[in-house]
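The structure appears right after this line, and notes come after that.
Protein chains: 2
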Amino acid sequence: MRERIVGRLARGDQRLTSSREALVAVLAVSDRPLTIPEIGAADGGLAVSSIYRNLTMLEEVGVVHRVVTASGDFAHYELTEDLTEHHHHHLVCSGCGSVEDFEASSQLEDSVRDAARRIARRSGFRIDRHLIDLIGLCPNCA
Amino acid sequence: MRERIVGRLARGDQRLTSSREALVAVLAVSDRPLTIPEIGAADGGLAVSSIYRNLTMLEEVGVVHRVVTASGDFAHYELTEDLTEHHHHHLVCSGCGSVEDFEASSQLEDSVRDAARRIARRSGFRIDRHLIDLIGLCPNCA
DNA sequence: CAGAGGATGATAGTCATTCTCAAAACTCTG
DNA sequence: CAGAGTTTTGAGAATGACTATCATCCTCTG
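Protein chains in written order, with this note's numbering: chain L, 1 to 142; chain G, 1001 to 1142.
Structure representation (structure tokens):
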């Protein structure tokens, strides 16, 4: 995976510095998208401004993905699906804003792909990603 | 519909003032979620602070729904689905951030409901809403 | 009509995120 | 290894969407 990340960075004329590697390492270990404060806490040595700058850049070259929830305080970040090779969706708590991952049935995925194709044809949009959120209350908030 | 809105406001000890009615009227006419600047432009007489305050309140009593997109500048607002009686999802342009509505096939809806039930049982979340976004480039941005 | 309670709108504040810029770290050549 | 050139870093300032404040205005009830 490291190699693929280096490749994507290179395509954008960027290098894998130690801060960037630390960022990616934190995200790789987590099984859910993390907020900036969470990332900062997980690796104490990173400056907030550098975390923001590097996450933005890593998103541009397709290493990282930004997840925005309706309870709009902090954005969450995760590695992109084609790096983790783990297509998944999100379970969002409308109480505390936390985000969990879940995997959809292949039947559901087929239905979405089908819908996307049909909508693309009708609307003229070029669709390249879909997103399914289940929204409710986590055990803690319920 | 006006009556149902008045009822929901009353449940939260709120009245349907003329500004609030104007807000709802703007949203009712649109076939897609609108940003605050768009709402302000559609009805020139509304103060920005009042638009924000009333939209927040209307969301609390379940009249209006806030839509947040990843291209995170402005939030978009629409009437809730149980008022319009029109269950729909969103087609989001990652270029300009615009949002269109689309309706999903009943097969897709069934699959999502099914997944939600299964996930709820396994995770302990109480799921009460789902959200499907198709993300890509609109004809203008492509 | 008086007066109380809520609604409005201009303005000031908040806070996640982005920008700035000087200092530090890396890269490359000789 | 020295040193010039370039990139990255980090602390703090700036931005901008959104929220709070508060004096004024409306809208009811009596």
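Glycine included, C-beta positions come from ideal geometry on N, C-alpha and C.
Quick caveat, the model's predicted, so the values are computed rather than measured.
Give a yes or no on whether the minimum CB-CB distance between I36/L and chain G is below 8 Å. In the first sequence, the residue the question calls residue 36/L occupies position 36. Not an interface residue.
By DSSP, does G136/L sit in helix, in strand, or in coil? To locate residue 136/L, count along the first sequence from 1; it is residue 136. Strand at G136/L.
Under three-state DSSP, which class holds L985/G? In the structure as shown, chain G begins at 1001 and stops at 1142. Residue 985/G is therefore absent and cannot be evaluated.
Chain G residues whose Cβ lies nearer than 7 Å to that of P33/L: Looking up residue 33/L in the first sequence gives position 33. The premise fails here: P33/L is roughly 12 Å from chain G at the closest Cβ pair, so nothing lies under 7 Å.
Where D1158/G falls: helix, strand or coil (DSSP): Absent from the model: residue 1158/G. The displayed extent of chain G is 1001 to 1142, so no value can be given.
Can you give the Cα-Cα distance for G1044/G and S1050/G, rounded to whole angstroms? Translated into the one-based positions of the second sequence, residue 1044/G becomes position 44. Translated into the one-based positions of the second sequence, residue 1050/G becomes position 50. If you take the alpha carbons of G1044/G and S1050/G, they lie about 12 Å apart.
Against E68/L, what residues of chain G qualify as contacts under a CB-to-CB distance less than 8 Å, listed in chain order? The residue labelled residue 68/L in the question sits at position 68 within the first sequence. Just to set this straight, residue 68/L is Val in the shown sequence, not Glu. Chain G residues near V68/L: V1068, T1069, A1070, G1072.
Would D1082/G pass as an interface residue toward chain L - the criterion being a Cβ-Cβ separation below 8 Å? Sequence index remark: in the second sequence, residue 1082/G carries index 82 (1-based). With 8 Å as the cut-off, D1082/G does not count as an interface residue toward chain L.
Rounded to whole angstroms, what is the Cα-Cα separation between S19/L and L46/L? By 1-based counting over the first sequence, the position of residue 19/L is 19. By 1-based counting over the first sequence, the position of residue 46/L is 46. Using only the alpha carbons, I get a separation of about 7 Å.
Let me know if Y77/L comes out buried or exposed under the rule of 16 or more other beta-carbons within 10 Å of its beta-carbon. Here residue 77/L corresponds to residue number 77 of the first sequence, with the count starting at 1. Burial call: buried.
Can you tell me the Cβ-Cβ gap for V1063/G and L1083/G, rounded? I've got them flagged as a contact below 8 Å. Within the second sequence, the letter at position 63 stands for residue 1063/G. Within the second sequence, the letter at position 83 stands for residue 1083/G. The pair is a contact, with the Cβ atoms about 7 Å apart (cut-off 8 Å).
Over the uninterrupted alpha helix (DSSP H) stretch that includes R1032/G, give me the two end residues. Numbered from 1 along the second sequence, position 32 holds the residue referred to as residue 1032/G. Element bounds for R1032/G: n/a, residue is neither H nor E.
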